[in-house]
């Protein structure tokens with residue numbers, strides 16, 4: 001009886017010495033968060049005050065940001081209004097949150113956002129930032145408002161003999177492999193009675209000769225591909241090629257183009273939304 005009482009008292013004393021989550025050192029929580037995904041960190045931040053403080057640590061979020069994040073702050077976030085900018089760039093957690101949202105820059109002709117899975121910054125370039133044959137002539141091109149576009153409107157080609165769409169961007173990419181894609185569509189997207197439909201009346205000329213897509217970089221990389229456009233009625237992403245960035249803090253010029261310059265026939269009915277680098 002006495003031995004049992006002594007054992008029970010000892011177990012109670014031991015139980016009283018057990019640590020709870022509130023006793024975990026904050027630096028241990030911070031180290032744990034550095035190995036976790038951002039959504040998991042945000043969930044665990046609600047456990048207690050120690051977890052909440054650790055979830056706001058600059059060390060945690062700087063580990064989640066791309067290596068070129070300081071360039072991104074200068075190039076993209078500082079385009080925001082001064083009052084908002086001071087709030088956005090005050091802590092690395094705020095920088096991360098802001099980069100995860102769509103950020104327009106260069107007068108709204110380009111967009112950047114952070115991919116949470118890869119940790120890379122992705123870019124979208126509007127047709128307005130490109131040199132396109134006859135783009136400002138309404139006889140050839142029409143700009144259509146669209147909720148399917150990253151920029152709120154798409155460029156619709158009525159008809160041309162010579163198609164040349166060329167763009168470029170100088171950007172400081174974090175080291176890694178990047179792909180260049182053209183987002184295009186055959187047919188004119190329409191809405192009737194609230195439903196999406198497509199007018200194919202002006203689609204012609206794309207099955208005669210292929211469209212040539214090209215990319216090149218300032219460090220000598222390049223790619224070229226050709227494609228007959230034969231998938232009307234839906235958006236598709238044509239993969240032009242890839243390039244690799246090896247050096248950190250070294251800006252790279254990336255040039256891309258879409259060409260169909262055979263003047264033996266006209267072509268029309270094409271939509272161009274943007275060029276994406278991811």
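In the UniProt record's numbering, the protein residues as written are 1 to 278. For each residue, glycine too, the CB sits at the ideal point set by N, CA and C.
Inter-residue spacing [alpha-carbon to alpha-carbon] between residue i and residue j
i	j	result
residue 193	residue 92	46 Å
residue 44	residue 21	11 Å
residue 255	residue 23	55 Å
residue 204	residue 113	35 Å
residue 25	residue 95	26 Å
residue 100	residue 115	7 Å
residue 182	residue 48	47 Å
residue 174	residue 106	20 Å
residue 274	residue 122	13 Å
residue 42	residue 198	42 Å
residue 69	residue 269	40 Å
residue 108	residue 235	22 Å
residue 110	residue 176	21 Å
residue 67	residue 76	15 Å
residue 252	residue 149	26 Å
residue 159	residue 213	19 Å
residue 233	residue 200	8 Å
residue 34	residue 102	25 Å
residue 118	residue 39	14 Å
residue 265	residue 127	24 Å
residue 36	residue 151	33 Å
residue 246	residue 169	18 Å
residue 143	residue 74	31 Å
residue 104	residue 52	31 Å
residue 64	residue 98	13 Å
residue 78	residue 202	43 Å
residue 162	residue 32	58 Å
residue 189	residue 196	7 Å
residue 141	residue 50	58 Å
residue 217	residue 46	46 Å
residue 229	residue 267	11 Å
residue 136	residue 145	16 Å
residue 167	residue 138	21 Å
residue 206	residue 244	31 Å
Cutoff 6 Å; reference residue i; Cβ partners in own chain excluding five residues on either side
i	result
residue 314	Outside the modelled stretch of the chain, which goes from 1 to 278, sits residue 314, for which no answer is possible.
residue 171	none
residue 271	154, 156, 185
residue 277	123, 178, 180
residue 215	180, 223, 240, 241, 256
7 Å CB neighbourhood of residue i in its chain, flanking five on each side removed
i	result
residue 209	260, 262
residue 30	54, 57, 59, 60
residue 62	92
Paired residues, beta bridge with residue i - DSSP
i	result
residue 156	142, 271
residue 255	168, 216
residue 225	213
residue 242	179
residue 76	BP columns for residue 76 are empty, so no partner.
residue 66	Beta-bridge pairing links residue 66 to no other residue.
residue 277	123, 180
residue 204	268
residue 260	163
residue 236	184
Test: residue i CB closer than 9 Å to a CB of chain B
i	result
residue 164	The chain labelled as chain B is not found in the depicted structure, where only one protein chain is given.
Close Cβ partners of residue i (< 8 Å) along its chain, the five nearest in sequence each way excluded
i	result
residue 219	252
residue 227	210, 211, 213, 238
residue 249	68, 71, 172
residue 191	197
residue 231	186
Self-check item: Length-filtered (3 minimum) beta strand (DSSP E) runs lying within the segment 168-199
Solution: List check, beta strand (DSSP E) in window: 176-186, 188-192, 195-199.
Exercise. Entirely within the segment 87-146 and at least 3 residues each: give me those beta strand (DSSP E) ranges in chain order.
Key: List check, beta strand (DSSP E) in window: 103-105, 110-114, 121-125, 141-145.
Self-check item: Cβ contact (3+ pairs, closer than 8 Å) linking the segment 214-231 and the segment 239-247
Solution: As far as the Cβ criterion goes, the segment 214-231 touches the segment 239-247, which means the pair count is three or higher.
Exercise. Pick out the complete beta strand (DSSP E) segments inside the segment 21-60, 3 residues or longer, and give them in chain order.
Key: Whole beta strand (DSSP E) segments, 3+ residues: zero.
Quiz item: When the Cβ atoms of the segment 26-33 are set against those of the segment 54-67, are three or more pairs found closer than 8 Å?
Solution: In short, these stretches touch, since the Cβ pair count reaches three.
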